[in-house]
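Trainee: Mind having a look at this structure? Questions to follow.
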Amino acid sequence: MSEKLKERVLSSLRKVYDPELGRSIVDLNMVKNIIVDKDGKVTIEMTLTTPFCPLMNLILAMAKKAAEEVEGVSEAKVKVIGYELPSI
C-alpha cells in the first residue's frame, strides 16, 4: 500500500510549480524522497534552488497541501534537505 500511496503523492506533487521557473517541482528534480509510514503520514524530502529562495514558504506550503489532498494521507510534512540548481 505504501508504494501506491507514494506514487499518488508524487503524482499530486506534479501539480506544484516553482513560481519563478514555471515548472513542476517534480520535473525540476526538487523532490528527492517520499516516505510513507503505516499510518499514512508522509514526509517529503526536497531540495530548493537556493538557501535564500524568496518563495520557499509558498513552495513548501503548496507541496504539503498537494500531499494532504491525496486519499490515504493522514498528515504530510515537507523537509528541506539541501539546495541545488534545478535540472532544466
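The sequence shown begins at 695 in this note's numbering and counts up one residue at a time.
Built from N, CA and C at the ideal position, the CB exists for glycine as well.
Note that the structure is predicted; figures quoted are calculated from it, not measured.
(1) Specify the secondary structure class of Glu739 as computed by DSSP and reduced to three states.
(2) Below 8 Å on the Cβ atoms is my guess for Ser706 versus Glu763; work out the distance and round it to an integer in Å.
(3) So what's Glu769 in DSSP terms, helix, strand or just coil?
(4) Identify which residue in Met724, Lys771, Glu739 and Lys732 has its Cα closest to the Cα of Lys698.
(5) Around the C-beta of Ala689, are 16 or more other C-beta atoms found within 10 angstroms, so that it is buried, or is it exposed?
(6) Tell me whether Ile719 is buried or exposed, calling it buried when 16 or more other Cβ atoms sit within 10 Å of its Cβ.
(7) Whose CA, out of Glu739, Phe746, Thr743 and Ile775, lies closest to the CA of Lys758?
Mentor: Taking the structure as given:
(1) For Glu739, the secondary structure class from DSSP, reduced to helix, strand or coil, is strand.
(2) Right, the Cβ-Cβ distance comes to about 6 Å (below 8 Å), so this counts as a contact.
(3) DSSP places Glu769 in strand when its eight states are reduced to three.
(4) The option with the nearest alpha carbon to Lys698 is Lys732.
(5) Given a span of 695 to 782 for the chain in the structure shown, any question on residue 689 remains unanswerable.
(6) Ile719 is buried by the Cβ-count criterion.
(7) Of Glu739, Phe746, Thr743 and Ile775, the residue nearest in Cα terms is Glu739.
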